[in-house]
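Undergrad: Structure in structure tokens, see below.
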Amino acid sequence: MWRKGFAAIGVSAFNSPNSKTADAIKFGKKLKARYVMLGTKLTSSNTTAVPFTMPTSNTTVTNGTASVNSGGRFATGTYSGTSTTYGSQTSYIPITVNRFDKMAVYFAEVPKTGIGVMTRDLTPEEVAALETRRAIAIRFVRDNSPAYLADILPGDIITQLDGQPFDGEKWKVAAVPGATLRVQIVRGGQRRLMNIPIAADWHP
Numbered sequence: 010m011w012r013k014g015f016a017a018i019g020v021s022a023f024n025s026p027n028s029k030t031a032d033a034i035k036f037g038k039k040l041k042a043r044y045v046m047l048g049t050k051l052t053s054s055n056t057t058a059v060p061f062t063m064p065t066s067n068t069t070v071t072n073g074t075a076s077v078n079s080g081g082r083f084a085t086g087t088y089s090g091t092s093t094t095y096g097s098q099t100s101y102i103p104i105t106v107n108r109f110d111k112m113a114v115y116f117a118e119v120p121k122t123g124i125g126v127m128t129r130d131l132t133p134e135e136v137a138a139l140e141t142r143r144a145i146a147i148r149f150v151r152d153n154s155p156a157y158l159a160d161i162l163p164g165d166i167i168t169q170l171d172g173q174p175f176d177g178e179k180w181k182v183a184a185v186p187g188a189t190l191r192v193q194i195v196r197g198g199q200r201r202l203m204n205i206p207i208a209a210d211w212h213p
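If you count the sequence shown from 1, you need to add 9 to reach the working numbering.
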């Protein structure tokens, strides 16, 4: 992202029961981030059962015929009746609970400063090979920056600025709009002189 002119301005990481990322996008808007890089990973999944109880009722209908004999006389009739019993029934509903680790990195545009490079200090081996600590190594080159247009490459080591041993403070002062920096670099063990014009829309 840095090559495209963007740098990380914040990171958030959290664990939640859903994999949605809308909350990270919302937070990115508050930070005024141009891009958000998201990552989601399932960390656990547990299944359990939740009891669910419902009322029940059972109605019984009874029908019958009755006969009566009294003094030689017969009488018959029918009867019916109902009875209701109440209770409950419990069933178990399976539920799966997931947990997710989520991480977001927020990127914003980097101001156009210097010559458009990210640097690093020399390694002990590089210091021994160059026989000086007064140099700086190039890690990344921003696209369409002064360094990019001058064909400065990652891995180059700048050893001189305008004929003098490299000095970080002088470097900051010299990289002004409209100036042309004359640098000596070491690339693949070979020393080269290169010019880096600074465009008007770039700043110290």
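Built from N, CA and C at the ideal position, the CB exists for glycine as well.
My output table needs one value for E140: the three-state DSSP class, helix, strand or coil.
TA: Your numbering for residue 140 matches position 131 in the sequence shown. Coil.
Undergrad: Rounded to whole angstroms, what's the CA-CA distance from T65 to T71? Just pull it up for me.
TA: As a first step, residue 65 must be located in the sequence shown, where it is residue number 56. As a first step, residue 71 must be located in the sequence shown, where it is residue number 62. For T65 and T71, the distance between alpha carbons rounds to 20 Å.
Undergrad: Specify, as a first and last residue, the run of the beta strand (DSSP E) that A146 falls within.
TA: The sequence position of residue 146 within the sequence shown is 137, counting from 1. Residues 145-150.
Undergrad: Judging by CA-CA distance, which residue of P206, H212, L131 is the nearest neighbour of F175?
TA: Along the sequence shown, read from residue 1 onward, the residue named residue 175 stands at position 166. Closest option to F175, Cα to Cα, is L131.
Undergrad: Taking the beta carbon of Q98 as the centre, do at least 16 other beta carbons fall within 10 Å, making it buried, or is it exposed?
TA: In the sequence shown, counting from the first residue as 1, residue 98 sits at position 89. Q98 comes out exposed.
Undergrad: Classify F175 as helix, strand or coil using the three-state DSSP reduction.
TA: Taking the first residue of the sequence shown as position 1, residue 175 is located at position 166. Note: F175 maps to coil in three-state DSSP.
Undergrad: Around the Cβ of S53, are there at least 16 other Cβ atoms within 10 angstroms (buried) or fewer (exposed)?
TA: Mapped onto the sequence shown, residue 53 falls at position 44. Burial call: exposed.
Undergrad: Which residues in the same chain as F23 place their Cβ atom closer than 7 Å to its Cβ, once the five residues preceding and following it in sequence are excluded?
TA: Numbered from 1 along the sequence shown, position 14 holds the residue referred to as residue 23. Answer for F23: K111, listed in chain order.
Undergrad: Can you give me the C-alpha to C-alpha distance between I147 and T57, rounded to a whole angstrom?
TA: The residue you call residue 147 lines up with position 138 of the sequence shown. The residue you call residue 57 lines up with position 48 of the sequence shown. Approximately 56 Å between the Cα atoms of the pair.
Undergrad: Quick check: the Cα distance between Y1 and T30, rounded to an integer number of angstroms?
TA: An answer regarding residue 1 cannot be provided, because it is not within the stretch 10 to 213 covered by the chain.
Undergrad: Looking at I207 and A188, is the spacing between their C-beta atoms short of 9 Å?
TA: Looking up residue 188 in the sequence shown gives position 179. Looking up residue 207 in the sequence shown gives position 198. Contact: yes.
Undergrad: Could you tell me the boundaries of the beta strand (DSSP E) in which R206 lies?
TA: Position 197 of the sequence shown holds residue 206. Reading off the sequence, residue 206 comes out as Pro, not Arg. P206 -> beta strand (DSSP E) spans 199-206.
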